[in-house]
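K.L.:
In terms of the UniProt record's numbering, the sequence shown is residues 1 to 906. No residue lacks a Cβ here, since even glycine has one placed at the ideal position from N, Cα and C. Sharing a structure below in structure tokens format, with a few things to ask.
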Amino acid sequence: LIIMANLVKLEFETLDIYGKNYISWTLDAEIYLAARVLEKTIISLNDSSIQDKAKAMIFLRHHLNEALKNEYLTVKDPADLWKALKERYDHQKTVILPRARYEWMHLRFQDFKTVNEYNSAMFRICSVLKLCGENITDYDMLEKMLSTFHASNVLLQQQYRAKGFVKYSELISCLLLAEQNNELLMKNHESRPTGSTVVPEINVVISKQRTGTENSQTYVRGYTSGRDRGRGRGRGRGRGYGPDRRFDQIHKFHRGYNSGRGYNRGRGRNYAQNYERGRNFQPKFEQNNVTENNDEKACYRCGKTGHWARNCRAPRQVVDNYNNSQKSKDKNIETNFMIGESSGNDSTRVDDEDGIDDILNLDFADAIMDRSRMQNRDICLADCATTHTILKDRKYFVNLKLNKAKVNTISGNAKIIEGSGKAIFFMAGGTKFTLNDALFSPKSTRNLLSFKDIRMNGYHVETMNKGGVEYLCITSNFAGNKCVLEKLPALSSGLYYTRIHIIETYAATKSQANEMFKLWHDRLGHPGSIMMRRIIENSSGHPLKNQRILQTHELMCASCSQGKLIIRPSHTKVGHESPLFLERIHGDICGPIHPPCGPFRYFMVLIDASSRWSHVSLLSTRNVAFAKLFAQLIKLRAQFPDYIIKRVRLDNAGEFTSQAFNDYCMEVKIDVEHPVAHVHTQNGLAESLIKRLQLKARPLIMRTKLPTSVWGHVILHADNLIRIRPSARHTYSPLQLASGREPNIAHMRIFGCAVYVPIAPPQRTKMGPQRRLGIYVGYESPSIIKYLEPKTGDVFTARFDDCHFNEELFSPLGGNEKSNERNIEWRTSSLSYLDPPTKQREQEVQKIIHLQNIANQLPDAFTDTKRVTKSHVAAINAPARIEIPKEMANDNVPNELKARLKRGRP
1 LIIMANLVKL EFETLDIYGK NYISWTLDAE IYLAARVLEK TIISLNDSSI
51 QDKAKAMIFL RHHLNEALKN EYLTVKDPAD LWKALKERYD HQKTVILPRA
101 RYEWMHLRFQ DFKTVNEYNS AMFRICSVLK LCGENITDYD MLEKMLSTFH
151 ASNVLLQQQY RAKGFVKYSE LISCLLLAEQ NNELLMKNHE SRPTGSTVVP
201 EINVVISKQR TGTENSQTYV RGYTSGRDRG RGRGRGRGRG YGPDRRFDQI
251 HKFHRGYNSG RGYNRGRGRN YAQNYERGRN FQPKFEQNNV TENNDEKACY
301 RCGKTGHWAR NCRAPRQVVD NYNNSQKSKD KNIETNFMIG ESSGNDSTRV
351 DDEDGIDDIL NLDFADAIMD RSRMQNRDIC LADCATTHTI LKDRKYFVNL
401 KLNKAKVNTI SGNAKIIEGS GKAIFFMAGG TKFTLNDALF SPKSTRNLLS
451 FKDIRMNGYH VETMNKGGVE YLCITSNFAG NKCVLEKLPA LSSGLYYTRI
501 HIIETYAATK SQANEMFKLW HDRLGHPGSI MMRRIIENSS GHPLKNQRIL
551 QTHELMCASC SQGKLIIRPS HTKVGHESPL FLERIHGDIC GPIHPPCGPF
601 RYFMVLIDAS SRWSHVSLLS TRNVAFAKLF AQLIKLRAQF PDYIIKRVRL
651 DNAGEFTSQA FNDYCMEVKI DVEHPVAHVH TQNGLAESLI KRLQLKARPL
701 IMRTKLPTSV WGHVILHADN LIRIRPSARH TYSPLQLASG REPNIAHMRI
751 FGCAVYVPIA PPQRTKMGPQ RRLGIYVGYE SPSIIKYLEP KTGDVFTARF
801 DDCHFNEELF SPLGGNEKSN ERNIEWRTSS LSYLDPPTKQ REQEVQKIIH
851 LQNIANQLPD AFTDTKRVTK SHVAAINAPA RIEIPKEMAN DNVPNELKAR
901 LKRGRP
């Protein structure tokens, strides 16, 4: 029965369990029930028969999601089912209304390429607004369109206004007609530009050949002088004889067949030896309607067919190699040029003659024809149809796994693959290609390069016409500019080709690749191999796209070994998290921490349950926790107005108790949840985030020569690193899910490395240094970094582009090496008495609420400055100075500098 029920055709799409298609589903259901005279069955207190109710119930349940069917197993009346679904999903109208209003407000005609696209967007938004109870008139639609014309079309907009359109459809019809006329004008102009002549028609094809027929007589033009008895050209002294008597029976003759530069053995009519021993030319005779083709004769210079020796364009080294091979034919010496082995009827085979003829026409012919560079290079065709790159030589492979496989072709399967693995080679222009899954086929007659592998290496393909010659260009985007890396010419068959060669210094290249991987492993905060792969795939600004990811046993990192102790996690207990961004936010506090980082002894974390977006705030006391949390919620609501914060889950500790905050959350409809005391699993997201931050902070500190009191900067930097790491439930990183764009990590540097920052102009001298040494401790934005003054521990900012980084040098604070220090104690319960709860907790929240109320009343400016109350909560989220331990301080360090006039300037 279940199988038969699944075979019944659906009239429309089933109702989604989340109710996304509820509005369209109800409309379709009402129309169908009305067509079957069953519309009364979904009305309360109806008098429909039992049979009609059963039919309606079968139809409604058949168009429900499987999970919804299980939830409404006890409902047998279609009216009750309809009412239950309405109470559950009828809020969709109120949910989509703010989004529709936002789209209507930002709808602009100038943002669309065509009139049809704008028209469809207009009717979609209007239909949603009408469904939600807001009617859009023709006047509104006309005014919206005319007021959003592009600034360059002001005159056109005024002309349309002057016509006085009353209906929106009339204006759209006029614009569509004008758009079509413009397209036709552009097509006519492109087909024949202004001032050009008409393209002539050619109805006759004329072909010139060497051999022609005239009056059924076969002869060769241009190789004789005189008629039957004229003197033949060449050294033969005999007369040019007449028609050959041996072929009188087929009435064919050859003019001057003794005209080759003869090696005849005497004077007179020795015509047999004359044409037999001719060097440059041999006459052709047709017998039994079979013609001997000149293309079958090999050129004596290069050994190729299809051309005469005097038309041979082979380079000197190819001629020399061919002559040497002919002299040493019995010794089976391998030559250095390639002879096509495919059959003559293969129109797509790689022919050296075609390649040489095309190479001679290129701009870089001299470089290609250089003998030292021609060796060890093979022709490779660029193929857009093959799914894998096929190489016929084992020398290109770095790691080759021998296993025979089949290749699917248009004619069937072919067993030509004998292995696969990683291959590396260079093109003629020096472009490097790394192929992780190339196929090895020694029986193949050519190398094939897949377009897919070209794109996987970060390159793009396009055609270009230069000097009447068409090329296939391999391009790359560098700093926003397109660079042409390779130009692939075409063979006579129309296929694009290039020459590839191996990397002779692979060991050095492999070492450099491993060093680059280790460098980015340090920059990204020592992630594991799986997380490293996910970061590389979902970020840009790094050179690791096609490099192999080193496993944990292949990468020896002392900081990871000392700072990480990874235990296998428990199984997932929650099957599905909140589907909406910012619907539920978790928060928790870590501390008191010893030693302190400047004035800070705590840090507070906030994490979104859906996207895993996180935020970290440093706290000097627990009393300002609610003020920091309240300020961050206001910031999130302003930054993401389309997403509503519904629930905030906080720890059940004493620092999260504020009556003013609870009153504000109740006013804005935010539920504040507190889990059961001492049950950390109910606030597991925040607890796990604190654990991850501590896990990342330990190797970051161990890699540097900084004291443990720098943990505040380390925690903030670790939070930035976690934002670019995809979570276990998402393919993309939290930063990409929140911002909607792929994160660029080109500005990432190793935490604690040396950085040379520009000296301020007032302190700079002409003959003195222009930069000074600093210690990199993170960044505020991709263009602004933070660094420590090595001798004082003060924190400053600098422009990223003006700084020079040395990621192999790690400078200590105070000028001396880091001594043995005590570890960081993340939760020092014995220090809790130093931070008792005070009234500051309520006062800070009330001040922020008061400031927000004033801002709402005066949105443009604060005119009455007496009403503004300044909050005592520090605006900065990082310590302004790191105290240097006494054992690390240098005795020669001068006294502390005087107070600077402006904050943040060295």
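Could you give the uninterrupted runs of the beta strand (DSSP E) lying entirely in the segment 426-498, keeping only those of 3 residues or more?
P.N.:
Whole beta strand (DSSP E) segments, 3+ residues: 432-440, 447-450, 460-466, 469-478, 481-488.
K.L.:
Looking at the structure shown, is K696 part of a helix, part of a strand, or coil, going by DSSP?
P.N.:
K696 falls in the helix class under three-state DSSP.
K.L.:
Tell me the residue span of the beta strand (DSSP E) that contains F805.
P.N.:
Unbroken beta strand (DSSP E) run through F805: 804-806.
K.L.:
Could you tell me the boundaries of the beta strand (DSSP E) in which K404 lies?
P.N.:
Taken as a continuous stretch (DSSP letters only), the beta strand (DSSP E) holding K404 covers 397-409.
K.L.:
How about N683 and D588: do their beta carbons lie closer than 8 Å?
P.N.:
Yes, the pair counts as a contact, with Cβ atoms nearer than the cut-off.
K.L.:
If distances are taken between C-alpha atoms only, which option among N46, Q92, L580, I136 comes closest to I23?
P.N.:
When each option's Cα is compared against that of I23, the closest is Q92.
K.L.:
Kindly give me the distance between the Cβ atoms of I784 and F800, rounded to whole angstroms, as I take these residues to be in contact under 8 Å.
P.N.:
With a Cβ gap of about 7 Å, I784 and F800 count as contacting.
K.L.:
Apart from the five residues just before and just after A697, which ones in its own chain have a Cβ nearer than 7 Å to its Cβ?
P.N.:
Excluding positions up to five away in sequence, the list reads W711, V714, I715, A718.
K.L.:
Tell me the residue span of the beta strand (DSSP E) that contains F796.
P.N.:
Unbroken beta strand (DSSP E) run through F796: 795-799.
K.L.:
Exposed or buried, N289, counting other C-beta atoms within 10 Å across all chains shown (16 or more means buried)?
P.N.:
Only weak support is given to the placement of N289: the predicted model assigns it a pLDDT of 42, under 50, and the question is left unresolved by the model.
K.L.:
Mind checking which residues open and close the alpha helix (DSSP H) that includes L131?
P.N.:
Unbroken alpha helix (DSSP H) run through L131: 115-131.
K.L.:
Just tell me which of L400, H388, C299, N403 has its CA closest to the CA of T409.
P.N.:
Nearest option by C-alpha distance: H388.
K.L.:
Less than 8 Å between the C-beta atoms of T828 and H594, yes or no?
P.N.:
Contact flag set, yes.
K.L.:
The alpha helix (DSSP H) with C665 in it runs from where to where?
P.N.:
Residues 659-667.
K.L.:
Can the beta-carbon of V407 be found less than 8 Å from the beta-carbon of K422?
P.N.:
The answer is no: Cβ separation not under 8 Å.
K.L.:
Find the nearest neighbour of L400 within the set I536, T386, I424, judged by alpha-carbon distance.
P.N.:
Residue I424 is the option with its Cα nearest to L400.
K.L.:
Are the beta-carbon atoms of L689 and H674 separated by less than 8 Å?
P.N.:
Taking 8 Å as the Cβ cut-off, L689 and H674 do not qualify as a contacting pair.
K.L.:
Verify whether the separation of the beta carbon atoms of M57 and K76 is less than 8 Å.
P.N.:
Their beta carbons are under 8 Å apart, which means M57 touches K76 by this criterion.
K.L.:
Measure the C-alpha to C-alpha separation of L735 and L381 and round it to an integer number of angstroms.
P.N.:
One C-alpha to the other measures close to 41 Å.
K.L.:
Which ranges does the alpha helix (DSSP H) cover as unbroken runs of at least 4 residues, wholly within the segment 136-191, from first to last along the chain?
P.N.:
If we require 4 residues or more, the alpha helix (DSSP H) runs fully inside the segment 136-191 come out as 138-146, 154-163, 168-191.
K.L.:
Nearest by alpha-carbon distance to E30: which of R446, I42, G19, R108 is it?
P.N.:
The residue with the shortest Cα to Cα distance from E30 is I42.
K.L.:
Are L485 and N447 close, meaning C-beta to C-beta below 8 Å?
P.N.:
Taking 8 Å as the Cβ cut-off, L485 and N447 do not qualify as a contacting pair.
K.L.:
Hey, L129 and A100: beta-carbon distance below 8 Å or not?
P.N.:
In contact: L129 and A100 (Cβ atoms closer than 8 Å).
K.L.:
With distances taken Cα to Cα, identify the nearest neighbour of residue 915 among Y139, Y102, K564, M145.
P.N.:
This structure cannot settle anything about residue 915, because the visible part of the chain is limited to 1 through 906.
K.L.:
The beta strand (DSSP E) that contains S614, what's its start and end?
P.N.:
Taken as a continuous stretch (DSSP letters only), the beta strand (DSSP E) holding S614 covers 614-619.
K.L.:
Once you ignore the five residues that flank S540 on each side, which residues in its own chain have a CB closer than 7 Å to its CB?
P.N.:
Closer than 7 Å at the Cβ level, and outside the excluded window around S540, lie E742, N744.
K.L.:
Per DSSP, I785 forms a beta bridge with which residues?
P.N.:
According to DSSP, which records beta bridges pairwise, I785 is partnered with Y779, A798.
K.L.:
Cα separation between C302 and C483?
P.N.:
Approximately 38 Å, taken between the alpha carbons.
K.L.:
Enumerate in chain order the residues of its own chain whose CB-to-CB distance from K866 is below 8 Å, with the five nearest sequence positions on each side excluded.
P.N.:
The predicted model places K866 with a pLDDT of 46, which falls under 50 and marks its position as unreliable; any figure quoted below should be read in that light. Around K866: no qualifying Cβ.
K.L.:
Is the beta carbon of S611 closer than 8 Å to that of E583?
P.N.:
No, Cβ-Cβ distance for E583 and S611 is not below 8 Å.
K.L.:
Rounded to a whole number of angstroms, what is the C-alpha to C-alpha distance between E687 and T621?
P.N.:
Using only the alpha carbons, I get a separation of about 20 Å.
K.L.:
How many angstroms separate the CA atom of V469 from the CA atom of L491?
P.N.:
So the two alpha carbons sit approximately 11 Å from each other.
K.L.:
Got a sec? Which residues, its chain only, sit under 8 Å from K331 by beta carbon, not counting five neighbours each side?
P.N.:
Confidence in K331 is poor, its pLDDT being 44 and thus under 50, which makes the residue's placement unreliable; the coordinate value appears in the next sentence. Cβ neighbours of K331 beyond the five flanking positions: none.
K.L.:
Per DSSP, which residues does T305 bridge with? Please list them.
P.N.:
DSSP output for T305 lists A298 as bridge partner(s).
K.L.:
State the Cα-Cα distance for the pair F109 and M122, rounded to the nearest angstrom.
P.N.:
So the two alpha carbons sit approximately 10 Å from each other.
K.L.:
Under 8 Å between the Cβ atoms of A631 and I848?
P.N.:
Against a cut-off of 8 Å, the Cβ pair of I848 and A631 comes out as a contact.
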